[in-house]
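Chains as they are written, first to last, in my numbering: chain A, 1 to 250; chain B, 1001 to 1173. Glycine included, C-beta positions come from ideal geometry on N, C-alpha and C. Notes follow once the structure below has been shown.
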Amino acid sequence: MTTTRELLWAAAQRAWDEGRDPLDDPQVADVLLEQPELLAELDRARHALHAVATGAATAQGAAVATGGAIAQGAAVAAGGAIAQGAAVATGGLVAQGDTIAPAVARGRPHPSRDAVRRWAAAALLLGALAALLQHTPASAARGDVAPGAPLADADALPIPAALPVALARPRVLSFRMSVRTERPEGTSVTVNEDGELTHRHLTRARRPLAAARSTAPAGSGQPGADGTPPNNGPRTHAILVAWNQTWTRP
Amino acid sequence: MTTRPGTRPQAHGTRLLAELPALRRFLSRLIGPRGVIDPEDVLQEVMERALRYAHTFDTGRAMGPWLRRAAFRVYLDQRRTSERLPAGGDAVADAPAREPAHTEAIAHRDEVRNLLSRLAPMQREILDRFHHRGQTLREIGAALGLPEGTVKSHLHRARRRLAAVGDDDGGTR
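Spelled out as structure tokens, the structure:
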């Protein structure tokens, strides 16, 4: 009877013989889904073969190849580094119906990494996950809309209350946001912006958002939640249309 | 199995929550105690994808295998991404301090040399010819005066030996 390990190695050997990475092989994946511990064994061979392939470690003691060997070695020392974005997001993105601009609009030109991380945690990105996952109805993205037209949230995805807490982590967000400004005279304008909230890109993300930075309900006479003065002018809704996330280590 | 549209997202989220412990265990087994990718990072990515693509999930299927397959792919993607990052780059805030790339390369080179030195000379030769010089089994057989099947056997045994020797030395992942 063929063991799972033998099945794994048979598929892996075939892949290597054909010049492929075994991890891209469906049969290898099937085995690892059943016995994930076998990945460690496969990786030992993969790393060694990669070093052989790049000439990084020959019996004759050739000079180190800086490409593949470093790539493999970096995997050990990388510490789970993340591809895109550098630091944590500020969080506090706007939910439908709110007029609170993200922390990027609060005029902090060069937040420290720790400060940004605190914002992310405090903003409880995942506590606003339901808002982040709301989909903007097509009407809001088409430009001028009738004053007072409700922004439908029929496509919103309810998130189990326990899930955001279980997954709370600081993160970097790249997002597309639809910002609709309703003017007192009854017209409105919608601006779709792509942005990225990281400690390196706050200034870039801030500019488009600052253009529609009214944070208090029109006519309310009340200051905005982020301390902006009372606003009797345009009312702004900012709705997260789509987003992608990359992660930083805590 | 069908669900009323209004209850689908809630049911999906509830099922996801129920799968979290099993998925965590799977990722721990997959990544191991010395993995460089945090299983929680993978877990969160998988959860987000599961939520975002809930509409594509057939509610009549078991969710566990679907999630494990997604987790496997996410882990491999994250691992490959981390391998592409330059050592000492500023791409991650507060990333743990790293050895200079040269030191890492030397350490890795020495480790692999040690592994190769424990192979039989024929296995080492065939490995080098196949994986480094890019020769085919037929070309290697012709060069060494061996049948193609024999070359293949040596090659396969050499690869398995690398995995076994690396484990004996407490290799990391």
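When you compare each of the options to residue i by their alpha carbons, which one comes out closest?
i, options, result
"residue 1069 (chain B)", "A:23, A:41 and A:4", "A:23"
"residue 1149 (chain B)", "A:17, A:38, A:30 and A:46", "A:17"
"residue 1047 (chain B)", "B:1029, B:1063, B:1037 and B:1033", "B:1063"
"residue 1123 (chain B)", "B:1082, B:1033, B:1151 and B:1051", "B:1151"
"residue 1165 (chain B)", "B:1116, B:1039, B:1076 and B:1040", "B:1116"
"residue 1023 (chain B)", "B:1135, B:1119, B:1114 and B:1072", "B:1072"
"residue 1038 (chain B)", "B:1065, B:1015, B:1082 and B:1016", "B:1082"
"residue 1032 (chain B)", "A:38, A:8 and A:50", "A:38"
"residue 1058 (chain B)", "B:1044, B:1015, B:1043 and B:1026", "B:1015"
"residue 47 (chain A)", "A:25, A:21 and A:26", "A:21"
"residue 1118 (chain B)", "B:1160, B:1135 and B:1141", "B:1160"
"residue 1066 (chain B)", "B:1110, B:1111, B:1157 and B:1020", "B:1020"
"residue 1158 (chain B)", "B:1142, B:1143, B:1130 and B:1146", "B:1130"
"residue 1044 (chain B)", "B:1162, B:1075, B:1140 and B:1029", "B:1075"
For chain B, check one thing: does any of its Cβ atoms lie closer than 7 Å to the Cβ of residue i?
i, result
"residue 5 (chain A)", "no"
"residue 13 (chain A)", "yes"
"residue 26 (chain A)", "no"
"residue 37 (chain A)", "yes"
"residue 8 (chain A)", "no"
"residue 44 (chain A)", "yes"
"residue 254 (chain A)", "Nothing about residue 254 (chain A) can be reported from this structure: the residues present for chain A run from 1 to 250 only."
"residue 186 (chain A)", "no"
"residue 34 (chain A)", "no"
"residue 41 (chain A)", "yes"
So, at 6 Å on beta carbons, what are the nonlocal neighbours of residue i in its own chain, with the 5 sequence-adjacent residues on each side left out?
i, result
"residue 40 (chain A)", "none"
"residue 36 (chain A)", "none"
"residue 122 (chain A)", "For residue 122 (chain A), the predicted model reports a pLDDT of 40, less than 50, meaning its position is unreliable; a value from the coordinates is still stated below. Nothing listed; no residue qualifies."
"residue 1050 (chain B)", "1016"
Would you say residue i reaches chain A, if we count a Cβ-Cβ gap shorter than 7 Å as a contact?
i, result
"residue 1112 (chain B)", "yes"
"residue 1163 (chain B)", "yes"
"residue 1127 (chain B)", "yes"
"residue 1154 (chain B)", "no"
"residue 1055 (chain B)", "no"
"residue 1076 (chain B)", "yes"
"residue 1030 (chain B)", "yes"
"residue 1159 (chain B)", "yes"
"residue 1185 (chain B)", "Outside the shown range of chain B (1001 to 1173) lies residue 1185 (chain B), about which nothing can therefore be said."
"residue 1119 (chain B)", "no"
"residue 1023 (chain B)", "no"
"residue 1144 (chain B)", "no"
"residue 1088 (chain B)", "With a pLDDT of only 39 at residue 1088 (chain B), under 50, the local geometry of the prediction cannot be trusted, and the value read off the model is given with reservation. Judged by the 7 Å Cβ criterion, residue 1088 (chain B) is not in contact with chain A."
CB-CB under 7 Å to residue i, same chain, minus the five flanking residues each way: which ones, in chain order?
i, result
"residue 1154 (chain B)", "1122, 1123 and 1126"
"residue 1017 (chain B)", "none"
Go through its chain and collect everything with a Cβ distance to residue i's Cβ below 8 Å, but skip five positions before and after it.
i, result
"residue 49 (chain A)", "16"
(request) Mind the definition here: the segment 43–52 of chain A touches the segment 25–34 of chain A only if three or more C-beta pairs lie below 8 Å; say whether that holds. (result) no
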